[in-house]
Amino acid sequence: MDIKIHVEEADGQFNTIEAPTDMGLSLMEILKASEYPVAATCGGMALCASCHVEILDNTYDEEANDAEMDMLDTLPVVSDSSRLACQMPLTDDMDGIRVRLMAEASME
Amino acid sequence: MIHTDLCIIGAGPVGLFAVFEAGLLKMRCHVMDVLPQIGGQLSEIYPKKPIYDIPGYPVVLAQELVDNLAKQIEPFNPSFTLGERVEKIERQEDESFILETNEGTQCHAKAVVIAGGLGCFEPRKPALDRLESFEGKGVDYMVRNPEKYINRKVVIAGGGDSALDWTIYLAEHVEELTLVHRGSSFRGAPDSAEKVLKLAEEGKLKLMLNSQVSELKGEQLLNECTITNKAGETETVSTDFFIPLFGLSPKLGPIANWNLNLDKNAIEVNVEDYSTNVPGVYAIGDINQYPGKLKLILSGFHEAALMAQSAYRVVSGGKKASLKYTTVNGIQTF
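Here the protein sequences come in this chain order: H and Y. Remember, the working numbering sits 366 above the position in the first sequence when you count from 1. Remember, the working numbering sits 930 above the position in the second sequence when you count from 1.
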């Protein structure tokens, strides 16, 4: 099925993108494919934090893996809901999720 | 001033291979990179990660690939300016170029190749008022010259390997050292974390976990850091230097000011030879953009080969390069 992901733009407005859950994509990949300025420098290995996002609702409760936690631990600015989009495989449960791109994710 | 045929901006895998392709055509190269070592993203971000899509290598570690590329270009004796960022490219009347770095190093080249990957890697900065006003006046984002800190007071912030490694090193050399980390434990290399905890036990450093630097104070020079813990309690630490070590993040940097046609932070090129809109300036690897672009090392290598054929005409005053296979001619060094 396709799910809806609400992405907060720099001006605070939300834009909604649709994403398939049966193609093995990560949130980082769908953000890149939707032309958000996500560098994803390391290609999705949880090594660069250039896909750092903040999850804006509390319905997403998948735990971060060790590699992701290690990377988040090194960033200057994180919140309790910070995640690396490359470590978030798209699933049906994520339908309607709201995310904000963090500074590290932007190439602007 | 350095004089060369090609000045290559970027010492990542594609920049290094460009030296090889240029060398086969007898063009001398000077390579400049903002990072203090060659290898670009491969050495900086994932040196120990395996890469599976380099022809001829079923698998190769990123750093191993960089080391092999360095060996491959040795016969062509390239020169390097590392740890400096190219700020300006100025076209001369004779159509050559003079490049200048942030440290004032100048390079005169007949043609320029931008192999800048994702741009400059710049330090991730914590969100602190007055941070930038203290840059060079107490705030450093990299330890370039450790001697600078001998017998001085230093505050390091961060929880990664770089913060741990420099803490361990500086603990033996500075007058007073404080390590501030947002978390409650270190997730970096266990051995390094253990050493830091031991140094703290021995009183060689002050360890402040669950804390962040929240304010910088000083008139002209930095002289105090306020540190706030998760409970909201604050403490002021007297210091000469604050070194936030939160890794590096890619930014386009000065490339944006070089009058090149850009598309979404990448340089538009002609796919016949990867030339840009500025005659004599080429862009290869992840920094360029064209229909069908694939950001793969493999694609960058291909682009380097085509670039060299075209750049030869610029360097040689219009002569066309003749393709010579290395299997026939070997490597003709100079």
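We put the CB at the ideal spot given by N, CA and C, even for glycine. Nothing here was measured: the structure is a model prediction, and the numbers come from that model.
| Along chain H, in chain order, which residues have C-beta atoms closer than 7 Å to that of F1176(Y)? | Working through the second sequence from its first residue, we reach residue 1176(Y) at position 246. Within chain H, the residues near F1176(Y) are T440, L441, P442.
| said: With H, G and I counted as helix, E and B as strand and the rest as coil, what does DSSP make of K1040(Y)? | reply: Position 110 of the second sequence, counted from the start, is the residue given in the question as residue 1040(Y). Assignment of K1040(Y) by DSSP, reduced to helix, strand and coil, places it in the strand class.
| query | By Cβ distance, which residues of its chain are closer than 6 Å to E374(H), with the 5 residues on each side in sequence left out? | reply | Locating residue 374(H) in the first sequence gives position 8, where the first residue counts as 1. Result list for E374(H): F380, R466, in chain order.
| Counterpart residues of L936(Y) in DSSP-defined beta bridges | Residue 936(Y) sits at position 6 when you count from the first residue of the second sequence. Answer is C959(Y), A1041(Y).
| DSSP on T1097(Y), reduced to helix/strand/coil? | On the second sequence, position 167 is the one that residue 1097(Y) refers to. DSSP places T1097(Y) in the helix class (H, G or I) of the three-state scheme.
| query | Bridge partners of M1138(Y), per DSSP? | reply | What you label residue 1138(Y) is simply residue 208 of the second sequence in a count that begins at 1. Beta-bridge annotation (DSSP): M1138(Y) is paired with V1110(Y).
| request: To the nearest angstrom, report how far apart L1228(Y) and I984(Y) are at their CA atoms. | output: For the purposes of this step, residue 1228(Y) is taken as residue 298 along the second sequence, with counting starting at 1. For the purposes of this step, residue 984(Y) is taken as residue 54 along the second sequence, with counting starting at 1. Between L1228(Y) and I984(Y), the alpha-carbon positions lie close to 6 Å from each other.
| Cβ shell of L1129(Y) (< 6 Å), same chain only, five flanking positions each side left out | Position 199 of the second sequence holds residue 1129(Y). Within its own chain, the residues whose Cβ lies closer than 6 Å to the Cβ of L1129(Y), once the five positions on either side in sequence are excluded, are A1101, L1135, listed in chain order.
| request: Indicate whether at least one CB of chain C lies closer than 8 Å to the CB of A412(H). | output: Among the protein chains in the structure shown, which are H and Y, there is no chain C.
| Quick one, which of F947(Y), V996(Y), C959(Y), L954(Y) has its alpha-carbon nearest V971(Y)'s? | As a working note, residue 971(Y) is residue 41 in the second sequence. It should be noted that the sequence gives Gln, not Val, for residue 971(Y). Ranking F947(Y), V996(Y), C959(Y), L954(Y) by Cα distance to Q971(Y) puts V996(Y) first.
| request: Could you name the residues of chain Y that M367(H) contacts, counting a contact when the two beta carbons are closer than 8 Å? | output: As a working mapping, residue 367(H) is identified with position 1 in the first sequence. Ordered by position in chain Y, no residue passes the 8 Å Cβ test against M367(H), which lies about 29 Å from the chain.
| request: Over the uninterrupted beta strand (DSSP E) stretch that includes S448(H), give me the two end residues. | output: The sequence position of residue 448(H) within the first sequence is 82, counting from 1. Per DSSP, S448(H) belongs to the beta strand (DSSP E) from 448-450.
| request: Check the Cβ-Cβ distances between D446(H) and every residue of chain Y, and say whether any is below 8 Å. | output: The sequence position of residue 446(H) within the first sequence is 80, counting from 1. By this cut-off, D446(H) is not an interface position.
| field | Partner residues on chain H for G1089(Y), Cβ-Cβ distance less than 7 Å | value | Stepping through the second sequence from its first residue, residue 1089(Y) is reached at position 159. Listed along chain H, the residues sitting closer than 7 Å to G1089(Y) by beta-carbon distance are D439, T440.
| said: Let's test the definition: count the other Cβ atoms within 10 Å of the Cβ of Y1099(Y) and tell me whether it reaches 16, buried, or not, exposed. | reply: Numbered from its first residue, the second sequence carries residue 1099(Y) at position 169. Exposed, since its Cβ has fewer than 16 Cβ neighbours within 10 Å.
| Are any of the Cβ atoms in chain Y nearer than 8 Å to that of T387(H)? | For this step, residue 387(H) is matched to residue 21 along the first sequence. The C-beta of T387(H) comes no closer than 8 Å to any C-beta of chain Y.
| request: Examine the Cβ distances between the stretch 1161-1180 of chain Y and the stretch 1086-1094 of chain Y and report whether three or more of them are shorter than 8 Å. | output: With contact defined as three or more Cβ pairs closer than 8 Å, the stretch 1161-1180 of chain Y and the stretch 1086-1094 of chain Y are in contact.
| field | For D963(Y) and G1013(Y), the rounded distance between their alpha carbons | value | By 1-based counting over the second sequence, the position of residue 1013(Y) is 83. By 1-based counting over the second sequence, the position of residue 963(Y) is 33. Cα-Cα distance, rounded: 6 Å.
| query | What residues in its chain sit with their C-beta under 7 Å from that of K398(H), if we drop five residues either side in the sequence? | reply | Residue mapping note: residue 398(H) aligns to position 32 of the first sequence, counting from 1. So the list reads V404, A406, once near-sequence residues are dropped.
| said: The beta strand (DSSP E) that contains E395(H), what's its start and end? | reply: As a first step, residue 395(H) must be located in the first sequence, where it is residue number 29. Where E395(H) is concerned, there is no enclosing beta strand (DSSP E), although the alpha helix (DSSP H) it sits in stretches over 393-399.
| task | Anything in the stretch 413-434 of chain H with a Cβ closer than 9 Å to a Cβ of chain Y? List those residues in chain order, please. | result | Correct list: L413, C414, A415, S416, D432.
| request: Check whether the Cβ atoms of L450(H) and F1176(Y) sit closer than 8 Å, and answer yes or no. | output: One-based indexing of the first sequence puts residue 450(H) at position 84. One-based indexing of the second sequence puts residue 1176(Y) at position 246. No, they are not a contact pair.
| Comparing the C-beta of Y976(Y) with each C-beta of chain H, is any distance below 8 Å? | Sequence index remark: in the second sequence, residue 976(Y) carries index 46 (1-based). For Y976(Y), the answer is yes, since a Cβ of chain H falls inside 8 Å of its Cβ.
| What residues in its chain sit with their C-beta under 6 Å from that of S448(H), if we drop five residues either side in the sequence? | The residue you call residue 448(H) lines up with position 82 of the first sequence. Within the same chain, and ignoring the five residues on either side of S448(H) in sequence, the residues whose Cβ sits closer than 6 Å to its Cβ are E420, L438.
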